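Below: the structure, in structure tokens.
In the UniProt record's numbering, the protein residues as written are 1 to 353.
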């Protein structure tokens, strides 16, 4: 039996080449079709991402509108109460001239405002020239602090420290975000704020709140099993902060916590972002300074937490490359710079008695 001739081998080789060329052609067609599908999927994904962005933006706008509507309803209710006070004053001062006075003030908002001030219906407007009376601080807080639900979500991390407590004091309770969290967790708490509109707003939410200075309130209570001071110490003088730390040690029950959250001055971005937006801020307080004050007051177990949810979404990227001298040392140094520039905007100091 003889082997294949050269001609047969060449024919078989040509057949194999032709088959391979056909397979390549088929694969090319499949690749083209697949590329079309991938491009289509990419377009769909891009559309989906755009839809998600729009949904997130819409949700943010809805939340802002809901907050605005809630604030407006609160303002309307407050104005109704003030007008009721004006009506009562009119009736008490001169019942016989009630009709005449209504006609005089009808359509004259400035006169109504001045009249209301005379009769004490707008007393906070004449209290002085601080940031709380110079501007509508309630509206200011809503504009810059943001949605209450977002603040509540960020403050949830503090709840475990107050588990089982029955008499927590929330100093600087503001719009009552943390008070609401405590209530939802079955923890009794009282909010304290010097700004009466915040106190009134909290009460409208069925939260317990009093209008008082935090130090004055703490000095008057016998004891408490938890103290929360959220975004307050930056509004205080050094003397007031030291007094607050001393009162916290004096009034807090053994084994319980005081938590103070405040802007973080070790992150330089606070000076170009939130801190100087608020005209009522006095100065930022360094975390080591707060730690010192609390330890001098008597607290031994003190920890500082740089809140991760307050970080800016910015960072200096690490440098990459081959054969670069001191690359690791450079990247470590730039990481330190990045943390100094863009680190956590807030810190919490947590002290246990």
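Backbone N, C-alpha and C define an ideal beta-carbon position, used for all residues, glycine too. Given the structure is predicted, the values throughout are model-derived calculations rather than measurements.
In this structure the stretch 149–162 touches the stretch 212–230; the number of beta carbon pairs closer than 8 Å is three or more. Beta-bridge partners assigned by DSSP to residue 303: 350. Every unbroken stretch of the beta strand (DSSP E) spanning 3 or more residues and falling wholly within the stretch 265–306 is given here in chain order: 301–306. Residue 258 and residue 188 have their alpha carbons spaced roughly 16 Å apart. The beta carbons of residue 234 and residue 284 sit about 6 Å from each other, so the pair counts as a contact at 8 Å. According to the DSSP secondary-structure assignment, residue 260 is paired through a beta bridge with 229, 349. Between the C-alpha atoms of residue 291 and residue 252 there is a straight-line separation of about 17 Å.
Rounded to the nearest angstrom, the Cβ distance from residue 137 to residue 195 is 6 Å, consistent with a contact under 8 Å. With a cutoff of 7 Å on beta-carbon distance, residue 348 and residue 305 are scored as near each other.
Taking all protein chains shown into account, residue 134 has fewer than 16 neighbouring C-beta atoms within 10 Å of its C-beta and is therefore exposed.
Residue 338 places its beta carbon 7 Å or farther from that of residue 264. Residue pairing by DSSP places residue 191 opposite 170, 209 in a beta bridge. Apart from the 5 residues on each side of it in sequence, residue 245 sits with its Cβ closer than 6 Å to the Cβ of 293, 294, 297 in its chain, given in chain order.
Taking 8 Å as the upper bound for CB-CB distance, residue 230 and residue 178 are in contact here, some 6 Å apart. For the 7 Å CB-CB criterion, residue 212 and residue 232 do not form a contact. Inter-residue distance for residue 149 and residue 326 is about 46 Å (C-alpha atoms, whole angstroms).
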